[in-house]
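Under numbering that gives the first Met the number 0, the first residue of the sequence shown carries the number 0, and numbering increases by one thereafter.
Ideal placement from N, C-alpha and C gives every residue a C-beta, glycine not left out.
Fair warning: this is a prediction, and the values are worked out from it, not measured in the lab.
The next block holds one structure in the form of structure tokens; read it before the comments.
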Amino acid sequence: MCRGFVPRLRRYNAKIGRGYGLSAAAPPTNARLRLGAIMTNRVGLIGWPVTHSISPAMHNAAFQALGMDWHYDVMAIPPDIVTHGIREPMRHGYIGVNVTIPHKEAVMRIVTPDDVARAVGAVNTVDFRKLTGTNTDVDGFMGDLSAHQINVSGQTVIVLGAGGAARAAVYGLWRAGADVIVVNRTLERANKMLADLTVSAGVRERARVLTLDEAAEHAPTLIVNATPVGMWPNADDSPWIAGVPFPRGVTVYDMIYRPQQTRLMTQAEDNGGRAIGGVGMLVRQGALSFQAWTEREAPLETMMAAALIELAANS
Numbered sequence: 000m001c002r003g004f005v006p007r008l009r010r011y012n013a014k015i016g017r018g019y020g021l022s023a024a025a026p027p028t029n030a031r032l033r034l035g036a037i038m039t040n041r042v043g044l045i046g047w048p049v050t051h052s053i054s055p056a057m058h059n060a061a062f063q064a065l066g067m068d069w070h071y072d073v074m075a076i077p078p079d080i081v082t083h084g085i086r087e088p089m090r091h092g093y094i095g096v097n098v099t100i101p102h103k104e105a106v107m108r109i110v111t112p113d114d115v116a117r118a119v120g121a122v123n124t125v126d127f128r129k130l131t132g133t134n135t136d137v138d139g140f141m142g143d144l145s146a147h148q149i150n151v152s153g154q155t156v157i158v159l160g161a162g163g164a165a166r167a168a169v170y171g172l173w174r175a176g177a178d179v180i181v182v183n184r185t186l187e188r189a190n191k192m193l194a195d196l197t198v199s200a201g202v203r204e205r206a207r208v209l210t211l212d213e214a215a216e217h218a219p220t221l222i223v224n225a226t227p228v229g230m231w232p233n234a235d236d237s238p239w240i241a242g243v244p245f246p247r248g249v250t251v252y253d254m255i256y257r258p259q260q261t262r263l264m265t266q267a268e269d270n271g272g273r274a275i276g277g278v279g280m281l282v283r284q285g286a287l288s289f290q291a292w293t294e295r296e297a298p299l300e301t302m303m304a305a306a307l308i309e310l311a312a313n314s
């Protein structure tokens, strides 16, 4: 580990704590903390920032419900030291971590990614015991679509965005047989995303980039928002450009979960459609991480209840 890394990480985490009203999160002392005669298994979340994450609430509720001696932490690690930063919990015996923005791509270079992570070019779940990484966003998203009885095979789906969440959505939808149209403010970035997916996952036919005006003419049955537009505190914003007719009767799946009702979701309902928020995807991808670490089935209802309580408390 590089000289001076731990003091630097402490300074960064103390700064995050002061700036966002969180307690300073110093680097962990030992993942298997001895509390009397109890040994605690630790997992956590790394990102920058990690403010207001609801992952600790839902994971710790799951551990408690199953009577497991596990604990979930958060660790703020700045991008310029992520290579050393992710090794810090590993060095202290953490079993694994979730990875959030902006580290999902960088972590690919540190662990051995599985097929799904390689396909989307991002890791969101790391197992330090094997030094492997996976991406549970894909199956978390597709699982939530299935839970809402949405079958995309043979259907036209518009995906708004070209970032990491959009990659997961496009890959999952394409793999399930959808005709995927990608819409992004910057067409060049959208084309690059599809080009990358062509190389990494073989995504070719049934995936294209169009402008929003063009995409709206293709009678989509589902619109997926994989952008942060409409996220708190800018809840009045919508990724659907004013002046472009909104399709009638379409289902909107907004990956945003704060607020739980976005402007885009309201637009869908106002036009006779259906609206689904992103909390289900969040919980399901978390449940898949839980299962990867513990090799036990996650208590999905417990995790959902904890997530909703945490969201309500911080709304």
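With respect to Trp173, Arg205 sits close: the two C-beta atoms are nearer than 8 Å. Residue ranges of uninterrupted alpha helix (DSSP H) with 4 or more members, entirely inside the segment 82-143 and ordered along the chain, are 86-90 and 114-119. In the three-state DSSP reduction, Thr226 falls in the coil class, being neither helix nor strand.
Excluding its 5 nearest sequence neighbours in each direction, Ala164 has C-beta neighbours in its own chain below 6 Å: Ala225 and Met254, listed in chain order. For Asp136, the number of other beta carbons within 10 angstroms of its own is at least 16, and it is reported as buried.
When the alpha-carbon of Ala194 is set against those of Leu211, His217, Arg166 and Arg247, the nearest one is in Arg166. Bounds of the alpha helix (DSSP H) holding Tyr170 are Gly163 to Arg174.
Arg205: not part of any alpha helix (DSSP H); DSSP gives it neither H nor E. Pairing Val158 with Val223 gives a Cβ-Cβ distance under 8 Å. Of all alpha-carbon atoms in His102, Lys129 and Leu130, the one lying nearest the alpha-carbon of Ala121 is that of His102. Here Arg108 is exposed. Its C-beta has fewer than 16 other C-beta atoms within 10 Å. With a contact defined as Cβ atoms closer than 8 Å, Met280 and Gly139 qualify at about 5 Å. Taking the CA atoms as reference points, Asn313 sits about 23 Å from Ala64. Taking the Cβ atoms as the reference, Thr131 lies roughly 5 Å from Thr111, within the contact range of under 8 Å. For the options Ser199, Val249, Pro48 and Phe127, the alpha carbon positioned closest to that of Arg41 is the one of Phe127. Rounded to whole angstroms, the separation of the alpha carbons of His83 and Ser152 is 42 Å. Annotation: the continuous alpha helix (DSSP H) that includes Ile308 extends over Leu299 to Ala312. Leaving aside the five residues that flank Pro298 on each side, the residues in its chain whose CB is nearer than 6 Å to its CB run, in chain order, Ala61 and Ala64.
In this structure the segment 48-57 touches the segment 66-83; the number of beta carbon pairs closer than 8 Å is three or more. Closest in alpha carbon position to Val228, among Gly160, Met57 and Thr265, is Gly160.
Ranked by Cα distance from Pro246, the first of Val198, Arg273 and Ala234 is Arg273.
DSSP places Val243 outside both helix and strand once states are collapsed to three, so it counts as coil. In its chain, beyond the 5 residues on either side, Ile222, Phe245, Val249, Thr250, Val251, Arg273 and Ala274 have a beta carbon closer than 8 Å to the beta carbon of Ala267. The closest CA to that of Ala218, considering only Met57, Ala116 and Thr155, is found on Thr155. Within the same chain, Ile157, Ile180 and Val182 come within 8 Å of Ala214 by CB-CB distance, once the 5 residues on both sides are set aside. Around the beta carbon of Glu300, fewer than 16 other beta carbons lie within 10 angstroms, which makes this residue exposed.
The shortest CA-to-CA distance from Val125 to any of Pro88, His147 and Asp143 is the one to Pro88. Distance from the CA atom of Met303 to the CA atom of Val282, rounded to whole angstroms, is 6 Å.
Of the candidates Ile53, Gly43 and Asn59, the residue whose Cα lies closest to the Cα of Tyr93 is Gly43. Here Val198 is exposed. Its C-beta has fewer than 16 other C-beta atoms within 10 Å. A distance below 8 Å separates the beta carbons of Asn190 and Val208.
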